[in-house]
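J.:
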Amino acid sequence: MTRKDLANLMFPNVVDTIYTLEEKYPKRNLEENKVVTRYAPSPTGFIHMGNLLSAFIARKIAKDTNGIFYLRIEDTDNKRKVDNGITKILQDLANFSIIPDEGVVEEDKQIGNYGPYIQSQRKQIYDVYAKYMIENDLAYPCFCTEEQLENIRTNQEQKKERIGYYSKYATCRNLSIDEAYKRIKNNEKYVIRLKSKGDFDKRIIVNDLVRGKIIFPENDIDHVLIKSDGIPVYHFAHVIDDHLMRTTHILRGEEWLSSLPLHIQLFSMLNFEIPKYAHLGLVMKIDENGTRRKLSKRKDPESAISFYHEKGVPIEAVKLYLMTIANSNFEAFLDANPNASIDEFKFDFKKVSASGTLFDLDKLLNISRNYISRLKAEEVYDYTLNWAKEYDIEFAKILEKYKNYSIEIFNIERNQKKPRKDYETFSTIKSQVWYMYDEYFTNLDYKWGKINDKKEISEILSTYINKYYNEEDDKDTWFDKIKQLAEEFGYCSNIKEYKLNPDNYKGNVSDIATVIRVALTTTTISPDLYMILKLLKENRIKNRFNKLL
RNA sequence: GGUCUGUUGGUGAAGCGGUUAACACGGUACCCUCUCAAGGUAUUAUACACGGGUUCAAAUCCCGUACAGACUACCA
Numbered sequence: 186m187t188r189k190d191l192a193n194l195m196f197p198n199v200v201d202t203i204y205t206l207e208e209k210y211p212k213r214n215l216e217e218n219k220v221v222t223r224y225a226p227s228p229t230g231f232i233h234m235g236n237l238l239s240a241f242i243a244r245k246i247a248k249d250t251n252g253i254f255y256l257r258i259e260d261t262d263n264k265r266k267v268d269n270g271i272t273k274i275l276q277d278l279a280n281f282s283i284i285p286d287e288g289v290v291e292e293d294k295q296i297g298n299y300g301p302y303i304q305s306q307r308k309q310i311y312d313v314y315a316k317y318m319i320e321n322d323l324a325y326p327c328f329c330t331e332e333q334l335e336n337i338r339t340n341q342e343q344k345k346e347r348i349g350y351y352s353k354y355a356t357c358r359n360l361s362i363d364e365a366y367k368r369i370k371n372n373e374k375y376v377i378r379l380k381s382k383g384d385f386d387k388r389i390i391v392n393d394l395v396r397g398k399i400i401f402p403e404n405d406i407d408h409v410l411i412k413s414d415g416i417p418v419y420h421f422a423h424v425i426d427d428h429l430m431r432t433t434h435i436l437r438g439e440e441w442l443s444s445l446p447l448h449i450q451l452f453s454m455l456n457f458e459i460p461k462y463a464h465l466g467l468v469m470k471i472d473e474n475g476t477r478r479k480l481s482k483r484k485d486p487e488s489a490i491s492f493y494h495e496k497g498v499p500i501e502a503v504k505l506y507l508m509t510i511a512n513s514n515f516e517a518f519l520d521a522n523p524n525a526s527i528d529e530f531k532f533d534f535k536k537v538s539a540s541g542t543l544f545d546l547d548k549l550l551n552i553s554r555n556y557i558s559r560l561k562a563e564e565v566y567d568y569t570l571n572w573a574k575e576y577d578i579e580f581a582k583i584l585e586k587y588k589n590y591s592i593e594i595f596n597i598e599r600n601q602k603k604p605r606k607d608y609e610t611f612s613t614i615k616s617q618v619w620y621m622y623d624e625y626f627t628n629l630d631y632k633w634g635k636i637n638d639k640k641e642i643s644e645i646l647s648t649y650i651n652k653y654y655n656e657e658d659d660k661d662t663w664f665d666k667i668k669q670l671a672e673e674f675g676y677c678s679n680i681k682e683y684k685l686n687p688d689n690y691k692g693n694v695s696d697i698a699t700v701i702r703v704a705l706t707t708t709t710i711s712p713d714l715y716m717i718l719k720l721l722k723e724n725r726i727k728n729r730f731n732k733l734l
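Residue numbering for the first sequence follows our numbering, beginning at 186 and increasing consecutively.
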C-alpha cells in the first residue's frame with residue numbers, strides 16, 4: 186500500500202491536478218502595480234460595520250490602482266448559513282455603491298474567469314490540493330473522536346501545556362498507511378489534518394502592511410484542513426482561493442492575525458506566492474461597564490448597516506466616516522479639498538491605525554449633519570421623502586402633497602456660504618419642521634417666553650397683524666416694523682441699548698418677536714422668523730393668531 | 001495557560017529620536033444676533049499606562065509590568 190493508493194481511496198473522483206489548475210486559473214494579465222482585492226463574507230445575515238470597513242477599503246485600494254475588486258462567498262459552515270444570505274450582502278454593498286468587478290454579483294449570478302466564487306461550489310478544487318497533500322505526506326487522515334480531542338485538551342490544560350493537536354499529541358499522524366487505508370475502507374469518520382513540519386521554538390517573521398514586521402513562533406499544530414463532511418475549513422479554503430483567484434492583497438480583521446503563520450506555512454507547502462496582508466484594527470465600542478470590546482453583531486444595533494438606514498443617515502455620510510477611520514489623514518484632506526470626492530483621495534496603508542477604533546456615533550452624526558447642510562433643498566426633499574416612505578408614511582404623504590412648499594422650508598438659510606446645520610439625519614427633520622404644516626398644527630402646547638400674559642399676547646398679536654403686517658415687506662422693512670411694535674408696547678427696539686439700561690424697559694424687541702414666533706410655531710426656537718412668515722402667508726398667519734385671540 | 005496585537009486630553013487621532021505634543025468632535029465663555037442653529041474669537045482639558053534601560057536627547061528604540069483585545073474549534 187502506498188500513499189498514492191491511500192490518496193486514490195480518499196479522492197476517487199479527482200481529475201484535475203495542481204498543474205492543470207494553474208493553467209485554468211493563470212496569473213492575471215495586469216500591470217505590476219495593480220491590486221486585486223476581495224471581500225469574502227460568510228452569508229450569516231447583515232453586514233457588520235467592521236466588515237463593511239474592510240470591504241470599503243478593499244474596494245478603495247483596488248480602485249486606486251485600477252485593479253480588481255471581487256466578491257467571494259465563504260459558506261463552508263452550513264450551520265451558520267441564513268436564508269437569502271447572499272442577497273442581503275449584495276444589498277448592503279450596493280447601498281454603499283461597493284459593486285464588485287467580479288465574482289458573485291447576484292444571488293445566482295457570477296462573473297469572471299476565476300470562479301466559482303462561492304466556496305460550497307469549489308469542492309472539486311479543494312480536493313485536488315487535499316489529494317496532493319496526502320500523496321506527498323503533507324497531510325494525513327485523522328480518526329480521533331470528539332471525546333479523544335476533548336481528553337487531549339483537558340490533559341493539556343491540567344499540565345499547563347500549550348493547547349492543540351501537535352507533536353506527541355498528534356497520534357494519528359503516525360498511523361501507518363495500511364492502517365489508515367483499512368479504517369477508511371471500514372467507513373470510519375475522519376478529517377484531514379496538516380502534517381506540520383513547523384518547530385514551535387523557531388521563529389518566523391511575517392510582514393503586515395499596517396503593523397510592519399511581526400515575529401511568530403512557527404506553527405507546529407496539525408490543523409484540520411478538511412472537515413469530516415469533506416468541506417475545507419477557512420484556512421485551507423482561504424489559501425487555495427486567494428491563490429487561484431490571484432488576490433494580491435488580503436484585507437481582513439485583526440482576529441486573523443494569529444492564524445497568519447498557518448496561512449504562510451500553507452502557501453509555502455503548496456508553492457504558492459504569498460500575497461500581501463493587511464490586518465485592520467477591530468471596530469470597538471465601550472460597554473455598559475466601561476470596557477472596550479469588539480462591536481458585536483448580536484448585541485449592538487449600531488453595528489448593522491440597516492441601523493443607519495432607519496435613522497436616516499445619508500449613506501454618503503457613513504462612507505465619509507468610514508474613510509476617516511480607515512485613513513487618519515482623510516479629514517485633513519477633506520478640509521483642504523471640501524468639494525473633493527472620496528475617489529480623489531489616495532488610500533495609504535501607513536495611515537491605518539493599528540489599534541482598534543472606537544466606533545464614535547457622535548462623530549458620524551456630525552459628519553451626517555455637515556453633509557446634509559451642503560445638500561440642495563431639493564436633495565434634502567428627495568432623501569427625506571424616501572426615508573419617510575419607508576418609516577413614516579403619513580409624513581411622506583404630506584411631503585408629496587406640499588412638494589414645493591416643503592422644498593422652500595428646507596431652503597431656509599440654506600443658500601448661504603455657511604448653511605444652517607440643524608438637520609442631523611432625515612429622521613429628525615419632521616420634529617423640526619412639523620409646525621409648518623397645518624395638518625400637524627393641532628393639539629398645541631405653547632411654550633411662551635418672557636411675555637406670557639394672555640392679554641398682552643393678544644394685544645401684541647392683533648396690533649401686529651392689523652397695523653404692521655404686510656406680506657410684501659422685505660426683510661429690513663419687516664424688522665423695522667417689529668421694532669416699532671416693540672416700542673409701542675414699551676419694549677426696547679435696540680438690544681445693545683436695552684442691555685445698558687434694562688430697567689428703563691419692559692423688555693426688548695426679541696421678546697416681542699418671540700411672541701409672534703411662539704404663536705406661529707408654539708416654540709421659542711425656530712429658524713428665521715421672517716422666512717416662516719413668508720412661507721405661511723397672511724391667511725394661515727391669521728388663522729394661527731386667531732387660535733389665541 | 002500559550003501566542004500575537006494594542007495603550008497619546010472626554011472621544012477619534014497626528015507624530016516614527018530633538019515639536020510650545022498637531023488637528024477634528026465635544027465642553028465652556030464672549031461676540032454677532034428677533035430665538036435657535038451656523039459663524040467669529042478665546043478657552044478648556046493635569047494627554048504620551050507604569051518601571052527600567054539605550055542615547056547628549058525618547059511619546060518615538062529595547063526590556064519588563066499592568067491593563068485591554070484577538071486567537072487558541074471538524075466557525076469564519
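Idealized CB from N, CA, C, for every residue including glycine.
Judging by CA-CA distance, which residue of L546, L480, I459 and A463 is the nearest neighbour of M469?
T.: L480
J.: Between which two residues does the beta strand (DSSP E) harbouring R702 extend?
T.: Where R702 is concerned, there is no enclosing beta strand (DSSP E), although the alpha helix (DSSP H) it sits in stretches over V694 to T706.
J.: Determine the direct distance from the alpha carbon of Y715 to that of D659, and round the result to whole angstroms.
T.: 9 Å
J.: Would the beta-carbon of I667 fall within 9 Å of that of I636?
T.: The answer is no: Cβ separation not under 9 Å.
J.: Can the beta-carbon of S132 be found less than 9 Å from the beta-carbon of W572?
T.: The question about residue 132 has no answer here: the residues shown for the chain are numbered 186 through 734.
J.: Could you check where the alpha helix (DSSP H) with G235 kicks off and where it finishes?
T.: M234 to D249
J.: Residues in its own chain within less than 7 Å of E598 by CB, not counting five upstream and five downstream?
T.: P604, R605, P712 and D713
J.: Out of F452, G675 and K412, which has the shortest C-alpha to C-alpha gap to R431?
T.: F452
J.: Mind checking whether the beta-carbon of N551 lies closer than 8 Å to any heavy atom of the ligand ZN?
T.: Within the structure as shown, the ligand ZN is missing, as the structure has no ligands at all.
J.: To the nearest angstrom, how far is it from the Cα of L629 to the Cα of T707?
T.: 7 Å
J.: Once you ignore the five residues that flank T272 on each side, which residues in its own chain have a CB closer than 6 Å to its CB?
T.: E292
J.: Kindly indicate which three-state DSSP category F530 falls into: helix, strand or coil?
T.: In the structure shown, the three-state DSSP call for F530 is coil.
J.: Tell me which residues share the same chain as G383 and place their Cβ nearer than 7 Å to its Cβ, disregarding the 5 neighbours each side in the sequence.
T.: E403, N404, D405 and Q450
J.: Can you pull the DSSP bridge partners for R223?
T.: Y255.
J.: Roughly how many whole angstroms lie between the Cα atoms of D533 and K266?
T.: 35 Å
J.: Identify every residue that forms a DSSP beta bridge with A463.
T.: L436
J.: In chain order, what residues of the same chain lie with their CB nearer than 7 Å to the CB of N555, ignoring the 5 residues before and after it?
T.: Hits under 7 Å: K606.
J.: Take E335 as the anchor and find which of Y325, L718, D393 and I348 has the nearest alpha-carbon.
T.: I348
J.: Could you tell me the boundaries of the alpha helix (DSSP H) in which D426 lies?
T.: Y419 to L429
J.: If the criterion is Cβ atoms closer than 9 Å, does the pair S413 and Y366 meet it?
T.: It is not a contact, given that the beta carbons lie outside the stated cut-off.
J.: Could you tell me the boundaries of the beta strand (DSSP E) in which I449 lies?
T.: Per DSSP, I449 belongs to no beta strand (DSSP E); it is in the alpha helix (DSSP H), L445 to M454.
J.: Which one or two residues does DSSP pair with Q295 in a beta bridge?
T.: V289
J.: Just the C-alpha distance for N522 and D528, rounded to the nearest angstrom, thanks.
T.: 12 Å
J.: Which residue comes first and which comes last in the beta strand (DSSP E) that contains Y325?
T.: Here the beta strand (DSSP E) through Y325 covers A324 to C327.
J.: Are there 16 or more other CB atoms within 10 angstroms of the CB of L447, so buried, or fewer, so exposed?
T.: Note on L447: 16 or more other CB atoms within 10 angstroms of its CB, so buried under the neighbour-count rule.
J.: When we look at the beta-carbon of P211 and count the other beta-carbons within 10 Å, is it buried (16 or more) or exposed?
T.: If you draw a 10 Å sphere on the C-beta of P211, you find fewer than 16 other C-beta atoms in it, and that means exposed.
J.: Can you give me the Cβ contacts of F518 inside the same chain, cut-off strictly under 8 Å, excluding the 5 residues immediately before and after it?
T.: A525 and F530
J.: Taking just the CA atoms, how far does H408 sit from D190?
T.: 23 Å
J.: Just curious, the beta strand (DSSP E) that K266 is in, first and last residue?
T.: Here K266 belongs to no beta strand (DSSP E), and DSSP marks it neither H nor E.
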